[in-house]
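Residue numbers for the sequence shown follow the numbering used here, so the first one is 9 and each next one is one higher. Quick reminder that beta carbons are idealized off the backbone N, C-alpha and C, glycines included.
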Amino acid sequence: EKEEEKEEEKEQLPSLPPVLLKKEDEIAAKKILMWYRSQRRLNLWKSMAKKILKDSSTKKLRKKRETFKEVIGSEMTYVKGLEQCVSIVMGGMKEEKIWKDQQYQEEMVKKIFLNYEEVAKLSRALLDKLLARDKEFPLNVKCGDLFLEMMDDFLKQYAIYVQGYYQTVAFIDTIENKKWTEFLKRKRNEANKPLVSLLILPVQRLPRYEMLLEQIYDLTPDGHVDKENLRRAVKFVKEMNEDIDRQTQNRNKLLSVEKLILGCPDIVVLDRYFIRQGAIQGLNKKGKRVNLYLFLFNNMMLLTSPLEKPKKEGEKYEFLEELQLKKYELQDYYYDKEKFVLSPTSKDIRKKEKDEPQPVMLYSESKENWMIDIGTWTVRTVSVTSKT
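(1) Using a Cβ-Cβ cutoff of less than 7 Å, which residues in the same chain neighbour Lys398 once the five nearest sequence positions on both sides are dropped?
(2) Does the beta-carbon of Gln289, which I'm using as the reference point, lie nearer than 6 Å to any heavy atom of the ligand ZN?
(3) By the 10 Å Cβ neighbour count, where 16 or more other Cβ atoms means buried, how is Asp234 classified, buried or exposed?
(4) For the beta strand (DSSP E) containing Ile288, list its first residue and its last residue.
(5) Here's the rule I'm using: 16 or more other beta-carbon atoms within 10 Å means buried, otherwise exposed. How should Asn237 be labelled?
(6) Relative to the C-alpha of Val170, which candidate in Phe191, Val211, Asn197, Met379 has its C-alpha closest?
(7) Can you give me the C-alpha to C-alpha distance between Arg132 and Tyr217, rounded to a whole angstrom?
(8) Using beta-carbon positions only, say whether Thr228 and Lys71 come within less than 7 Å of one another.
(9) Tell me which same chain residues have a C-beta within less than 7 Å of the C-beta of Arg239, skipping the five on either side of it?
(10) Report the start-end ranges of each alpha helix (DSSP H) in the region 235-319 that is 4 residues or longer and not cut off at the edges.
(11) State the Cα-Cα distance for the pair Val97 and Gln175, rounded to the nearest angstrom.
(12) By alpha-carbon positions, which one of Lys345, Leu333, Tyr343 ends up nearest to Pro367?
(13) Is Ile357 helix, strand or coil by DSSP?
(14) Exposed or buried, what is Ser351 when buried is set at 16 or more other beta-carbons lying within 10 Å of its beta-carbon?
(15) With distances taken Cα to Cα, identify the nearest neighbour of Leu263 among Asn123, Glu250, Val277.
(16) Just curious, the beta strand (DSSP E) that Glu326 is in, first and last residue?
(17) Helix, strand or coil: how does DSSP classify Tyr225 here?
(18) Could you name the residues of the same chain whose beta carbon sits closer than 6 Å to that of Phe327, not counting the 5 residues immediately before and after it, in chain order?
(19) Is it buried or exposed, Arg49, if we count other Cβ atoms within 10 angstroms and call 16 or more buried?
(20) Using 8 Å for Cβ pairs, my map puts Ile283 next to Leu304. What's the rounded Cβ distance?
(21) Could you say if the region 125-139 and the region 71-91 meet the contact criterion of at least three C-beta pairs nearer than 8 Å?
(22) Check the C-beta distance from Glu83 over to Leu154 and give it rounded, since I have them as a contact under 8 Å.
(23) Would you grab the beta carbon distance between Leu338 and Ile288 for me? Rounded to a whole angstrom, and I think it's under 8 Å.
(24) On the criterion of 16 or more Cβ atoms from any shown chain inside 10 Å, does Ala413 qualify as buried, or is it exposed?
(25) Mind checking which residues open and close the alpha helix (DSSP H) that includes Val177?
(26) Is Pro210 helix, strand or coil when you go by DSSP?
(27) Determine the DSSP secondary structure at Pro202, reduced to helix, strand or coil.
(28) Can you have a look at Met42 and say buried or exposed, based on whether 16 or more other CB atoms are within 10 angstroms of its CB?
(29) For Arg388, which of helix, strand or coil comes out of DSSP?
(30) So, for Glu266: in the same chain, excluding its five sequence neighbours on each side, which residues have a beta-carbon less than 8 Å away from its beta-carbon?
(31) Taking Cβ positions, are Val298 and Gly290 nearer each other than 7 Å?
(32) Among all the DSSP beta bridges, which residues are the ones paired with Pro352?
(33) Rounded to whole angstroms, what is the Cα-Cα separation between Leu163 and Asn260?
The following block contains the structure:
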C-alpha cells in the first residue's frame with residue numbers, strides 16, 4: 009500500500025494557475041487520474057491472481073470447485089428423475105382406476121413405491137442447500153457440513169427403500185393386469201424411462217455420493233475449514249453403503265431360505281437377520297426322535313423337516329413351526345450332552361391353547377454351539393441339573 013501511495017504522489021496532475029484551469033477541466037482531469045489508478049490496481053490484481061493460480065493448493069481448489077459443480081449437476085439430474093417418477097407414475101397411479109378395489113390400489117401404490125416420495129423430498133432439500141451454498145461461496149467451496157446435517161435422515165430413508173427395493177421389483181414382475189400393463193406403457197412415454205429404471209435411481213445414487221465426496225475430500229487442502237467435515241461425511245456415507253450392502257446380502261439370504269422351504273411363511277422383514285442353519289433332532293408326538301432342520305434368525309427360528317420327494321425344484325424342507333424367540337427361555341440339561349429345551353415364558357402355558365407356545369425339546373451333537381447362538385436372542389438361559 010505504501011508503494012502504491014508513493015506511485016500516486018508521482019502521478020499527481022501538474023498544478024495549473026487557477027485562472028487557466030476551468031472547473032470542468034479539473035473534474036475531467038480527476039476522472040482520468042482515477043481511471044488510471046484503477047487500471048494500475050487491476051493490473052496488480054491480475055499479476056497476483058496469476059501467482060495464486062500457479063500455486064498447487066489453488067489448483068486443487070479449482071478442481072474441487074469443478075467436482076462440486078459435477079455434484080450439483082448430477083444431483084439435479086437425479087432429483088429430476090425422482091420427481092418425474094413421483095408426479096407422473098406414482099401420481100398417475102393414484103388418480104387412475106387400475107384395480108376395481110380402491111383400497112387395494114392404494115395398497116399397491118405403497119407396496120411398489122415404498123418411501124420413494126420421502127427419498128425424493130430429501131434429495132430435493134439437499135439440492136436446494138447445495139445450490140444456495142454455491143451462490144454463497146462461489147470460489148471457496150464448502151459443502152461437507154451440508155452432507156453431515158442430512159446423514160441421519162439419509163441413512164433412515166435409504167435403508168428402508170433399499171431393503172424393500174429388490175422385493176418390489178420381483179413383485180412387479182408377478183402383476184398380471186391389462187390396465188396395469190397399458191398404464192406402464194403410457195407412463196414410460198411420458199417419463200422417457202420405464203418404471204424399473206426410475207425405481208432403481210436411489211439404489212444407484214448412494215455409491216455415487218461416496219465417490220464424489222471422496223474426490224472433493226482429496227482435493228481439499230489440509231487445514232481447510234471444510235476438510236474435517238468432508239472426512240466425517242465420507243466416513244458416514246461409506247459406512248451407510250456398507251450397512252446397506254450387508255442388509256441387501258442378508259435380505260437375499262432370507263429370500264433364498266424361503267425358496268428352500270415348502271409352505272414357508274414370509275420371513276423377509278426389516279431388522280431380521282440370518283444367523284445359522286443346520287440339522288438337528290426333535291421329538292414327535294409319540295416321543296421318538298426325528299430328524300429336523302433348523303433355521304435360526306435374530307428374533308425367530310424355523311423348524312422344518314427334510315423332504316423325501318420335493319414337489320418343486322430347489323425345495324428341500326417342509327415348514328413345521330415358527331418360534332418367536334422373545335417368548336422363550338433356553339433350558340440347558342447338564343446331565344445330557346445333546347438335550348436342550350426352548351420353554352415358553354408365558355404363565356398360561358398349562359391352558360394349552362392353540363396360539364400358546366409349547367416347549368420344544370431338541371437334540372444335537374453341536375448342542376453347545378446351538379445354545380450359544382440361540383441363547384443370545386431368547387429371554388434368558390437357565391440350567392437344569394437333575395432329571396427330576
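Taking the definition as stated:
(1) As shown, the chain starts at 9 and ends at 396. That puts residue 398 outside it, with no answer to give.
(2) As far as ligands go, the structure on display features none, and thus does not contain the ligand ZN.
(3) buried
(4) 282-291
(5) buried
(6) Val211
(7) 15 Å
(8) no
(9) Tyr225
(10) 235-268
(11) 19 Å
(12) Leu333
(13) Because Ile357 sits at a pLDDT of 46, beneath the cut-off of 50, its placement in the model cannot be relied upon, and the following sentence gives the value as read from the coordinates. In the structure shown, Ile357 sits in a helix (DSSP, three-state: H, G or I).
(14) buried
(15) Val277
(16) 325-332
(17) helix
(18) Ile269, Gly271, Cys272, Thr312
(19) exposed
(20) 4 Å
(21) yes
(22) Between Leu154 and Glu83 the Cβ distance is about 11 Å, and since that is not below 8 Å, they are no contact.
(23) That pair is no contact at about 14 Å.
(24) This structure does not reach residue 413, given that the chain is present from 9 up to 396, and the question cannot be answered.
(25) 152-182
(26) helix
(27) coil
(28) exposed
(29) coil
(30) Cys272, Asp274, Ile275, Val276
(31) yes
(32) Tyr336
(33) 20 Å
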